[in-house]
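Sequence order for the protein chains is A and B.
Position one of the first sequence corresponds to residue 67 (this note's numbering), numbered consecutively onward.
Position one of the second sequence corresponds to residue 67 (this note's numbering), numbered consecutively onward.
Beta carbons are placed, not taken as given, at the ideal position from N, Cα and C, and that holds for glycine.
Here the structure is a predicted model, which is why all the values come from computation and not from measurement.
There are 2 protein chains.
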Amino acid sequence: MGNSNWTQLWLDYDKKGCDANKEVKVTFEGFDKADRVIASAVKELTKGLLGKEREIVLFKDESVAAEGYKLFSQDRKVLVKASDANGALYGVFALIRAEACSKDLASLDEGEMPSNPLRMTNHWDNMDGSIERGYSGQSFFFENNDIVIGERTVDYARFMASVGINGVVINNVNVKGAATYLITDRFFDKVQKMQEIFADYGIKLYLSLNFAAPIELGGLEVCDPLDEDVIAWWKEKAKEVFTRLPGFGGFLVKADSEGRPGPFTYGRTQADGANMLGDIVAPYGGIIIWRCFVYNCTQDWRDYKTDRARAGYDYFKDLDGAYHDNVILQIKNGPMDFQIREPISPLLGGLTKTNQMLEVQIAQEYTGHQIDLCYLMPMFKEVLDFHTHCCEGKDTVADVVSGRTMGNKLAGMAAVINTGNDYNWTGNYLAAANTYGFGRLAFNTELTSEEIAREWVRMSFGLEKAEEDKLVDMLLRSREIYEKYTSPLGIGWMVTPNVHYGPSVDGYEYSRWGTYHRADHLGIGVDRTDKGTGYAQQYYEPNASMYNDPATCPEELLLFFHHIPYTYKLKTGKTLIQHIYDSHFEGEAEAEELAKTWDSLEGKVPQEVFNLVKHRFEMQLYNAKEWRDQVNSYFFRKSGIADEKGREIY
Amino acid sequence: MGNSNWTQLWLDYDKKGCDANKEVKVTFEGFDKADRVIASAVKELTKGLLGKEREIVLFKDESVAAEGYKLFSQDRKVLVKASDANGALYGVFALIRAEACSKDLASLDEGEMPSNPLRMTNHWDNMDGSIERGYSGQSFFFENNDIVIGERTVDYARFMASVGINGVVINNVNVKGAATYLITDRFFDKVQKMQEIFADYGIKLYLSLNFAAPIELGGLEVCDPLDEDVIAWWKEKAKEVFTRLPGFGGFLVKADSEGRPGPFTYGRTQADGANMLGDIVAPYGGIIIWRCFVYNCTQDWRDYKTDRARAGYDYFKDLDGAYHDNVILQIKNGPMDFQIREPISPLLGGLTKTNQMLEVQIAQEYTGHQIDLCYLMPMFKEVLDFHTHCCEGKDTVADVVSGRTMGNKLAGMAAVINTGNDYNWTGNYLAAANTYGFGRLAFNTELTSEEIAREWVRMSFGLEKAEEDKLVDMLLRSREIYEKYTSPLGIGWMVTPNVHYGPSVDGYEYSRWGTYHRADHLGIGVDRTDKGTGYAQQYYEPNASMYNDPATCPEELLLFFHHIPYTYKLKTGKTLIQHIYDSHFEGEAEAEELAKTWDSLEGKVPQEVFNLVKHRFEMQLYNAKEWRDQVNSYFFRKSGIADEKGREIY
């Protein structure tokens, strides 16, 4: 769109050849063109649709599901049917997408209804402009402890709406310093200005909350959720917030975690904390999103019994059913922390009477920092498709978090997002596939990883089929490749402490973080069976038994659940140690193939994009070699068992 | 002296019971009482001497060596004989020390002449107030990119003079930012003011230099030491510096090291760089102190041939004799970097035609951060007493760096100092033993570790003999204890990267720093023999052969020179692995004894001192346990060999 400070991601209408000044004929059936969201939809059609000879009818049809849409061609018209404005907007974006994906607009007959009611992004942006685990520059929401609002805010909202996001938490879950004051007069006007922009695109704004606000803002001595003064303070605060911020969505809370304050400080339960806040915001239609990332982060590495993986379930399962209706628990996909391979959190579906939201991370904290290519939809699909066996039928994670299992309305998916103020928003141009992909997947969990990848490639690059196939294939293979050259068979970690990029096999082995591989001269892995930490028993049957037995445990998770000798024979017939060697050599070699395939796209993608991504692949190869050689050397030195193929190990 | 912002260290005349307003009768024979240094000596006598009934005669005696002194009692007089003012000042401090050490002033007949002409401290203080590897607070020389001068500056100079220091480099060897401007108009006035204070105590001020100053200050495109414009720029700069800073000592230079610019950038030698600067400052009587800490800090850990330990010798030995007379090379005691145990740098005495200064570190970067007790004089004594075999007789390091071996005048010792603006100057009260000790040892390398420890304990605490013995014994044992619970048999490192406190056995194993232990399933150690990196051959015979053979290599350095199987029998009859287990259990147990012995001194030392040191010991015990358990677990897991005594290993 001619703005030179940031790209237009998958909505680059200039590239597509759109005339921004053309007129598109739009008519309205049942929708009010003055509605803010409908107005945005019309604006987008005007800018983004090529086929201006066509008439677009925004048609209100109460039979369409909430926020869903249908596209239907009729003569020279395209009907965008929806029962609400968000649905109409999503239908318009779907129409633009259909055109970009070269569908025949004359024969459209398709539609989607959102799988999840809540489809959210979580920004870990700090008010000083830094982003915790951000790999794409600084925040575009905050700088110098103030809020920044401008054209980029609008574009951000457009991008999010284009993939169906309807909720955004703008500040880091670790709420400190100035961010504590986001719910005060100091920032109300600017927060309101930002949420007006979001509202134009059907997005609600949420804030992360400092549980200790009654102390830090209110001057109280405690933030005990059962203390009357604390409750009274919150009541006043909620009234103030929802009055000053009409349309405000609610709060995301990280409590009792990694040094953050919470109800445990006062001997209260997580439910005590969440329900108190839930009750406070209920009169205003607000919700409380309560994170379940609670664990002991000062563990003694000598302790083989305490298991961080157990913590979420142990802390929250007993309180199932105790949470109020406007409270939703936000649960990370795995029991640890966004590793390249983890089992599914047993809390998902482990709770059967509590609103649940799935939290994933597209900021590639442990998956390559947006340097290494790692398209995450295959991982997220595995999570969504996992049968929890929490009930007969409708027992997948997708069923649980969408509300289908329990029939609850407060349900959905959230992603810790990978954006920043880099020119291309995501550091690596190709990392935008995850930004796009998460939104699409949250909107429609039935889409395949490939369908999403192909949409994104088409909208972003408009390549010939052969090249498109290459790029889609690169994306689809990337997660497995990253997994191969990093930590083996689900054991995770082995990363450089704090930074979380690059290998350090023992980096977290003797630490306080509860993140161990327990490798010795004979074997590796954590015994999480009924003879070990008992974590496997947190699953329903038959999952519990499956994980409990190395013979039935999925091999990609073998070391997560079992301590296994290096000489153990895997189903391939390879020994464990040989698998470690082979997979690391293969992973590095395949990363080289990725880089070469990218090289073959020179001239097919914009040169600037080509160059910058090529540089990322150079860095990825350096990283992959370090991982390959350090992991292989570590296990060779420790086991004394040589590589059967006699390759170089140091 | 009543100032509440910092202690008086070993010159606490208040505690001693001195009346600061008393008059001491001082007479002068040959000395000018108006001389700035003599005036300081008189001031110190007035404040610090108890026995005011005595007459002190400052007696100029040309037969006393430069900066030396003799104390001689005659009737009710004490004669302080010296041939120069510094000697007289040191004599006065010796008299105060004698009194504090309860010597009979009526029968004094003693003296010292300095072993080393240069006795320097190096401050790694940055102008923002931080101190690189500082564990005692912030800088008292700099804050907010400016110079701070006050009463603390005076006290600092007094303390240094009291132990014989005659040169101080006030800024970090890594010269960046504002520090580059110390040789410009911005700071001349304040530097001059500081060096006037120093001069009152016989101390010359030196500055660390940015080798790239011609670029950063002069606007030139290069800092090539053979470039005419660069030379011309330096000539002008030297003229300006020595004109504006009369009495200025010269420059300390870290070049071509850890990212700092240097002559290598331009294909020049270290001598080209040092000599160019030497020539520039020669007309003003200035000197250039050139650090030899030059090595490849981007090594590939896969490379078993490149050896960081070799670097100093490899870079500097060939240029022996090429350095100009007013250039002196500053050489760290070991070839690596201030580890708890290293062999002596083969460059010391390896050079036989070049001025050399020994650099040690009393900032406890790798020796416990002034949390863990580690009295370093025993280590320094080993260094000084080491026979280099560079010639017949006068071949110890003490001989070499004092100038005795070669008859050179520019020679001496320097310490990276352990002070900061903490109330007690050194973080741990007991760490001041190293501050005191280094000065005393540099002044008189014949003193034993115990003599120095006892002097410091007497002057600092004035304990009864039994308690004094306890504390002296704690100091004397502390280095061996620290060594026992940290890295074994000279291998070094195994510390948490960057921080350098606490264990991380593999922390530097796969890094770029050239710091490896090469442990595998069967053994550990770096082969630095003629079959390995050849480092051992950098020594003169018989040292080279001694180190080359594990049978004759001192066992405390065994793993530095050899890769040794865990089952290797040491001279004690123990296997290597059992030695590792035993020494780590012993080291931790002995650290507990240290803490207990300290507990027994409660009531004998000031309560505040007792409490704070007790807290340090608590931290030391936590550290010692982590070291013990992590090192033992690491080697047990790697070797699979059990502890013969069946103690708990994780």
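L529 (chain B) versus S228 (chain B) - alpha carbon distance:
Locating residue 529 (chain B) in the second sequence gives position 463, counting from the first residue. Locating residue 228 (chain B) in the second sequence gives position 162, counting from the first residue. The straight-line gap from Cα to Cα measures roughly 21 angstroms.
For I346 (chain B), the nearest candidate out of B:F308, B:V360, B:N362 and B:L248 (CA to CA):
Looking up residue 346 (chain B) in the second sequence gives position 280. It is B:F308.
Positions along the segment 692–711 of chain A whose CB lies within less than 8 angstroms of some CB in chain B:
E692, D695, Q696, S699, Y700, F702, R703, K704, S705 and G706
Does the distance from the CB of Q258 (chain A) to the CB of L311 (chain A) come in under 7 angstroms?
Along the first sequence, one-based indexing puts residue 258 (chain A) at 192. Along the first sequence, one-based indexing puts residue 311 (chain A) at 245. Result yes, Cβ atoms of Q258 (chain A) and L311 (chain A) sit closer than 7 angstroms.
What's the call for E128 (chain A), buried or exposed, on a 16-neighbour Cβ count within 10 Å?
In the first sequence, counting from the first residue as 1, residue 128 (chain A) sits at position 62. So E128 (chain A) counts as exposed.
From the DSSP output, which residues share a beta bridge with Q603 (chain A)?
In the first sequence, residue 603 (chain A) corresponds to position 537, counting from 1. DSSP output for Q603 (chain A) lists no bridge partner at all.
For N188 (chain A), write down the residues that DSSP places opposite it in a beta bridge.
Position 122 of the first sequence, counted from the first residue, corresponds to residue 188 (chain A). N188 (chain A) pairs with A:V235 and A:V482.
Who are the neighbours of L588 (chain A) on chain B, taking C-beta pairs under 7 angstroms?
The residue given as residue 588 (chain A) occupies position 522 in the first sequence. Simply G706.
Count the other CB atoms, across all protein chains shown, that sit within 10 Å of the CB of C440 (chain B); report buried if there are 16 or more and exposed otherwise.
On the second sequence, residue 440 (chain B) is found 374 positions in, with the first residue counted as 1. Under this definition C440 (chain B) is a buried residue.
Using alpha carbons as the reference points, say which of B:F676, B:G434 and B:L588 lies closest to G706 (chain A).
Position 640 of the first sequence, counted from the start, is the residue given in the question as residue 706 (chain A). Among B:F676, B:G434 and B:L588, the Cα nearest to that of G706 (chain A) belongs to B:L588.
According to DSSP, residues forming a beta bridge with D175 (chain A):
Position 109 of the first sequence, counted from the first residue, corresponds to residue 175 (chain A). According to DSSP, D175 (chain A) bridges with A:F138.
Go ahead and pull the three-state DSSP assignment for V360 (chain A).
On the first sequence, residue 360 (chain A) is found 294 positions in, with the first residue counted as 1. Coil at V360 (chain A), not helix or strand.
List the residues of chain B that A585 (chain A) touches, going by C-beta distances under 8 angstroms, in chain order.
Looking up residue 585 (chain A) in the first sequence gives position 519. Those within 8 angstroms of A585 (chain A) in chain B are R703.
What span of residues does the beta strand (DSSP E) with A148 (chain B) cover, start to end?
As a position in the second sequence, residue 148 (chain B) is number 82, starting the count at 1. Where A148 (chain B) is concerned, the enclosing beta strand (DSSP E) stretches over K143 to A148.
Determine the burial state of Q644 (chain A): buried for a count of at least 16 other Cβ atoms within 10 Å of its Cβ, exposed for fewer.
Residue numbering aside, residue 644 (chain A) sits at position 578 when the first sequence is read from its first letter. By the neighbour-count rule (16 or more Cβ atoms within 10 Å), Q644 (chain A) is buried.
Less than 8 angstroms between the CB atoms is what I'm expecting for G469 (chain B) and P183 (chain B), so what's the real figure, rounded?
The residue you call residue 469 (chain B) lines up with position 403 of the second sequence. The residue you call residue 183 (chain B) lines up with position 117 of the second sequence. Indeed, because the Cβ distance is near 6 angstroms, the residues count as touching under 8 angstroms.
Per-residue contacts from D451 (chain A) into chain B (C-beta, under 9 angstroms):
In the first sequence, residue 451 (chain A) corresponds to position 385, counting from 1. Those within 9 angstroms of D451 (chain A) in chain B number zero; the least Cβ separation is about 37 angstroms.
Shorter than 7 angstroms from the beta carbon of R368 (chain A) to some beta carbon of chain B?
Counted from its first residue, the first sequence places residue 368 (chain A) at position 302. With 7 angstroms as the cut-off, R368 (chain A) counts as an interface residue toward chain B.
By alpha-carbon positions, which one of B:L623, B:P620 and B:I518 ends up nearest to A164 (chain B)?
Taking the first residue of the second sequence as position 1, residue 164 (chain B) is located at position 98. Nearest C-alpha to A164 (chain B): B:I518.
Residues of the segment 98–117 of chain A in Cβ contact with chain B at a cutoff of 8 angstroms, in chain order, please.
none
In whole angstroms, what separates the C-alpha of D695 (chain A) from that of V565 (chain A)?
For this step, residue 695 (chain A) is matched to residue 629 along the first sequence. For this step, residue 565 (chain A) is matched to residue 499 along the first sequence. Their Cα atoms are separated by approximately 20 angstroms.
Run the CB neighbour count on D141 (chain B), radius 10 Å, all protein chains shown included, and call it buried at 16 or more, exposed below.
As a position in the second sequence, residue 141 (chain B) is number 75, starting the count at 1. Exposed, since its Cβ has fewer than 16 Cβ neighbours within 10 Å.
Using 8 angstroms as the threshold, is the segment 480–500 of chain A in touch with the segment 427–439 of chain A, meaning 3 or more CB pairs across them?
yes
If you run the structure through DSSP and keep just helix, strand and coil, what is K317 (chain A)?
Here the question's residue 317 (chain A) lines up with position 251 in the first sequence. In the sequence as presented, Lys is not what sits at residue 317 (chain A); that position holds Phe. If DSSP states are grouped into helix, strand and coil, F317 (chain A) belongs with the strands.
Pick out whichever of A:K118, A:P401, A:Y688 and A:D101 has its Cα sitting closest to the Cα of K91 (chain A).
Indexing the first sequence from 1 puts residue 91 (chain A) at position 25. Checking every option, the nearest Cα to that of K91 (chain A) belongs to A:K118.
Pairwise C-alpha distance: H681 (chain B) and G328 (chain B)
Residue numbering aside, residue 328 (chain B) sits at position 262 when the second sequence is read from its first letter. Residue numbering aside, residue 681 (chain B) sits at position 615 when the second sequence is read from its first letter. Straight-line Cα distance between these residues: approximately 44 angstroms.
Going by other Cβ atoms of all chains shown within 10 Å of its Cβ, with 16 needed for buried, is D369 (chain A) buried or exposed?
Here residue 369 (chain A) refers to the residue found at position 303 when the first sequence is read from its first residue. So D369 (chain A) counts as exposed.
Which same chain residues, not among the five before or five after Y41 (chain B), have their C-beta less than 8 angstroms away from its C-beta?
Nothing about residue 41 (chain B) can be read from this structure; chain B reaches only from 67 to 716.
Between the segment 569–583 of chain A and chain B, which residues of the former have a C-beta closer than 9 angstroms to a C-beta of the latter?
P569, S570, V571, D572, G573, E575 and Y576
Using the beta-carbon of each residue, which ones in chain A are nearer than 7 angstroms to Y716 (chain B)?
Here residue 716 (chain B) refers to the residue found at position 650 of the second sequence. Chain A residues near Y716 (chain B): R368.
For P608 (chain A), which of A:E658, A:C456 and A:R520 has the nearest alpha-carbon?
Residue mapping note: residue 608 (chain A) aligns to position 542 of the first sequence, counting from 1. Ranking the options by Cα distance to P608 (chain A), first place goes to A:C456.
Quick one: what's E121 (chain A) bridged to in DSSP?
Along the first sequence, read from residue 1 onward, the residue named residue 121 (chain A) stands at position 55. A:K91 and A:K143.
According to DSSP, which residues form a beta bridge with D212 (chain A)?
The sequence position of residue 212 (chain A) within the first sequence is 146, counting from 1. Bridge partners of D212 (chain A): A:E209.
Where V571 (chain B) sits in the DSSP three-state scheme
Here the question's residue 571 (chain B) lines up with position 505 in the second sequence. Reduced to three states, the DSSP call for V571 (chain B) is coil.
I'd like to check one pair, L174 (chain A) with A154 (chain A): are the Cβ atoms closer than 7 angstroms?
The residue given as residue 154 (chain A) occupies position 88 in the first sequence. The residue given as residue 174 (chain A) occupies position 108 in the first sequence. Not in contact: A154 (chain A) and L174 (chain A) (Cβ atoms no closer than 7 angstroms).
Between I410 (chain B) and I397 (chain B), what straight-line distance do the alpha-carbon atoms span, to the nearest angstrom?
Counting from one through the second sequence, the residue named residue 410 (chain B) turns up at place 344. Counting from one through the second sequence, the residue named residue 397 (chain B) turns up at place 331. The straight-line gap from Cα to Cα measures roughly 10 angstroms.
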